[in-house]
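**Q**
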Amino acid sequence: MGPPRRPDRRGDRGHEGHDQDARPRRGRAPRRPWPQVRGRARLVRRGRPGRPVHRVPHPPRLRPADLTERTRGVLLAALTAIAVGITYTDQAALIPLFKADLGISDVQAGFLPTALFISAVITMLATATLADRIGAKRMNVFGVLFSLLSNLLFAIGPTYETLLVAKAVGGIGSGMAFVGGVRYIAGLYSGTRSHFGQGMYGAGYPLGSAIGLQLMPPLALAFGGWRGAFLASSTLLAAVLVVYAWLAPTVQRAVVPGDIRDAAKDGNSWWCFVQHAAGFGLALATGSWISVYMLREFDTSLVLAGALGAFVLIAGLFMRPLGGWLIARERATTVALMRGSQVLNLLGLALLALPGRPLAVALAGGIAVGVGVALPYAAVFNTAAASLPRAPGAAQSLTAVGGTFGAVVGAPVMGAAIERFGFSAAWTVIAVVPLAALIGTFFMRGEERFS
27 MGPPRRPDRR GDRGHEGHDQ DARPRRGRAP RRPWPQVRGR ARLVRRGRPG RPVHRVPHPP
87 RLRPADLTER TRGVLLAALT AIAVGITYTD QAALIPLFKA DLGISDVQAG FLPTALFISA
147 VITMLATATL ADRIGAKRMN VFGVLFSLLS NLLFAIGPTY ETLLVAKAVG GIGSGMAFVG
207 GVRYIAGLYS GTRSHFGQGM YGAGYPLGSA IGLQLMPPLA LAFGGWRGAF LASSTLLAAV
267 LVVYAWLAPT VQRAVVPGDI RDAAKDGNSW WCFVQHAAGF GLALATGSWI SVYMLREFDT
327 SLVLAGALGA FVLIAGLFMR PLGGWLIARE RATTVALMRG SQVLNLLGLA LLALPGRPLA
387 VALAGGIAVG VGVALPYAAV FNTAAASLPR APGAAQSLTA VGGTFGAVVG APVMGAAIER
447 FGFSAAWTVI AVVPLAALIG TFFMRGEERF S
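Per our numbering, the very first residue in the sequence shown carries number 27; after that it's consecutive.
1) Quick one: is F222 buried, meaning 16 or more other Cβ sit within 10 Å of its Cβ, or exposed?
2) Around the Cβ of P90, are there at least 16 other Cβ atoms within 10 angstroms (buried) or fewer (exposed)?
3) Based on Cα-Cα distance, which residue from F407, A236 and S317 lies nearest to C298?
4) Spatial neighbours of H302 within its chain, please: CB distance less than 6 Å, with the 5 preceding and 5 following residues excluded, ordered by chain position.
5) In whole angstroms, what is the alpha-carbon distance linking G111 and L380?
6) Between the Cα of G472 and the Cα atoms of G99, A412, S220 and A333, which residue gives the shortest distance?
7) Using 10 angstroms around the beta-carbon of L88, count the other beta-carbons present and answer buried if the total reaches 16, otherwise exposed.
8) Counting only the same chain and skipping the five closest in sequence on each side, list residues whose C-beta sits under 7 Å from that of L189.
9) Leaving out five residues before and five after P283 in sequence, what residues of the same chain have Cβ atoms less than 7 Å from its Cβ?
10) Work out the CA separation of F476 and Q240 for me, nearest whole Å.
11) Could you check where the alpha helix (DSSP H) with L373 kicks off and where it finishes?
12) Beta-carbon within less than 6 Å of Q422's beta-carbon, same chain only, minus the 5 sequence neighbours each way: which residues are those?
13) Can you check whether the CB of S295 is closer than 8 Å to the CB of L414?
14) When burial is assigned at 16 or more other CB atoms within 10 Å of the CB, is R357 buried or exposed?
15) With distances taken Cα to Cα, identify the nearest neighbour of Y215 among A289, Q278, A331 and A442.
16) Would you mind stating whether G197 and V170 have Cβ atoms separated by less than 8 Å?
17) Looking at the unbroken alpha helix (DSSP H) that takes in A309, where does it start and where does it end?
18) Considering only the alpha carbon of each residue, which of A443, Y186, V191 and L339 lies closest to I144?
19) How about the region 161-169 and the region 267-277: do they share at least three Cβ pairs that are nearer than 8 Å?
20) Rounded to whole angstroms, how far is the Cβ of V300 from the Cβ of G466, which I believe are closer than 8 Å?
21) Given a threshold of 16 other Cβ atoms within 10 Å of its Cβ, counted over all protein chains shown, does D116 qualify as buried or as exposed?
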């Protein structure tokens, strides 16, 4: 008895009738449809196949999204910053080698980076609006090209005077590349806030400087001396130049009526000058002496002293993007971030200058300065551009000069104070720079005030 069998002889599976809406017997719910399975995979238990695994849906097909044009441009621009940053410190690690080869003194060796920075300042002022006229990408390409020519000339230079000229050429490249890179990032964002992008780009310079210190000695050992090291590092710059020129997207030119004279008349641009002097300038000035300070004051190991000195410079690798992220996510305003950073700088310098301070306090002071000098980088440069819409490149060039000026002047001033009065006096003297920047935050307008 019971319901008749279906033509396929499989029965009715416990249902009353053949209708789909028929009520199931024994209170069991009708079978639900399941996602398609790949196959009848079987579990293996103790060497024997077990029951088949049913109802395993297909995993979603996830494909990595292609890099957006903006992301690709930011990463490639940061690559040029790393390449140019290498030229800041490449000679520092090889000073004993070319001193012995050319018979130059410590003072003469010290003038090599000075030639680079002075040339960079002149170039930034002279080419303040060039990126807006010829295109930011093209100007950045020219900057990396000059840096490459500087390295090649340094490698084959027969005299000390040739090395000075080579570093001056490198300063031209550095000035053009920096201004071109900053304007390039702004062009990628097409008028929107470019804080995180600027932070990523700015992080390339301290990273390149650190690579220059670590890379050149092994290259000198591998390629037969300091000349071979500079030739080998030139191949890296050439590769970056080709990759950037080929793959980086082009940004639209922004023809503006103003120039560097307009920036010189703008008070807010000068406050940005002071802010960057208390950022990049203070980082180089304190980084030049903090390792010596740790060795003399606490008799620490060379490794610990060098690590703290490197942290002041390398902190920018992480803190510059972090500062840009904080502004982009509206966690802080530009002026608030600048003000907080300068307070952190003053606190760190006070801990370093404190008489009879223990080692832990000095370490905390050095870390505070390392963070404070790097956080407001993107906020400062975007505020400079917003301060002068008729010449944003000129305002950013003037701001960049502030950092170089702080480095060139701050380091020797600290050296003179150390020689006459000691390290506590040196930290107190250099604290004038972040103090002036802190006062300036109560008079300047942030980027938000111009939008």
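Positions of the beta carbon are idealized from the N, C-alpha and C atoms, including for glycine.
**A** Reading off the structure:
1) buried
2) Any reading at P90 must be qualified, since the residue scores a pLDDT of 46, below 50, and its modelled position is unreliable; the value itself is stated next. It counts as exposed.
3) F407
4) V406, T425, G428 and G429
5) Computed Cα separation, rounded: 33 Å.
6) Comparing alpha-carbon positions, the option among G99, A412, S220 and A333 lying closest to G472 turns out to be A412.
7) With a pLDDT of 47 at L88, under the threshold of 50, the modelled position of that residue is not reliable, and the figure given next carries that caveat. By the 10 Å Cβ count, L88 comes out exposed.
8) The beta carbon of L189 is closer than 7 Å to those of L138, F180 and G183 in its chain, skipping five residues each way along the sequence.
9) So the qualifying residues of the chain are R416.
10) Those two C-alpha atoms are separated by around 42 Å.
11) T360 to A379
12) Sequence-distant partners of Q422 (beyond 5 residues in either direction) whose C-beta falls short of 6 Å from its own C-beta, in its chain, are V208, F407, A410 and A411.
13) Yes, the pair counts as a contact, with Cβ atoms nearer than the cut-off.
14) Per the 10 Å Cβ criterion, exposed.
15) Q278
16) no
17) L308 to F324
18) If we check each option's Cα against that of I144, V191 comes out closest.
19) yes
20) 5 Å
21) buried
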